[in-house]
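Input: a single structure, listed below in structure tokens.
Residue numbers (my numbering): 173 to 312.
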């Protein structure tokens, strides 16, 4: 992921933080945690870090259709007063899923739906969507 973000941002350095805590709800437990945040130094003086929150789901997760709005926007972006986020879904073909789920067997259909969900929260929130194919190599 770091390599892909570096390619996209055109920077030598990308800062990735895994599961930073947004808020602690109780004395015990881990509280509300974001999947990832990505940051890169700005071209301003003084140099600051521009950040985006990343919500990631495996394609077979039942929350795929609702996580962009419910988790990324409501629980993370709004809670941290940010407006830029990334919604990432790890995609596997149905025959490689341990759950046996056939939902979103077509990557393009998934991406089309994700774009529609992102449009529903715009312009207040700017969410970029990505489908990352993590399928296993085909045996020869």
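Backbone N, C-alpha and C define an ideal beta-carbon position, used for all residues, glycine too.
Computed from a predicted model, the values in this text were never measured in an experiment.
Given residue i as reference, the closest of the options once Cα atoms are compared
i: residue 286; options: 246, 226 and 260; result: 260
i: residue 207; options: 213, 227, 292 and 215; result: 227
i: residue 253; options: 215, 264, 279 and 298; result: 298
i: residue 292; options: 267, 239, 305 and 268; result: 239
i: residue 267; options: 215, 220 and 309; result: 309
i: residue 210; options: 311, 300 and 307; result: 300
i: residue 295; options: 311, 257, 214 and 216; result: 257
i: residue 264; options: 307, 216 and 311; result: 307
CB-CB length for residue i against residue j, believed under 8 Å
i: residue 248; j: residue 225; result: 5 Å
i: residue 324; j: residue 279; result: The structure shown does not extend to residue 324, since the chain spans only 173 to 312, so no value can be given for it.
Contact set for residue i: own chain, Cβ-Cβ below 8 Å, skip 5 residues either direction
i: residue 237; result: 285 and 289
i: residue 220; result: 213 and 214
Contacting residues, own chain, Cβ-Cβ under 6 Å from residue i (five flanking each side not counted)
i: residue 302; result: 260
i: residue 223; result: 209 and 211
i: residue 316; result: Given that the chain is displayed from residue 173 to residue 312, the structure contains no residue 316 and the question cannot be resolved.
Strand pairing of residue i, partner residues [DSSP]
i: residue 219; result: Note: residue 219 sits in no beta bridge, so no partner.
i: residue 273; result: Note: residue 273 sits in no beta bridge, so no partner.
Discussion item. Tell me whether the stretch 223-241 and the stretch 262-274 touch, counting them as touching only if at least three CB pairs, one residue from each stretch, are closer than 8 Å.
Written reply: yes
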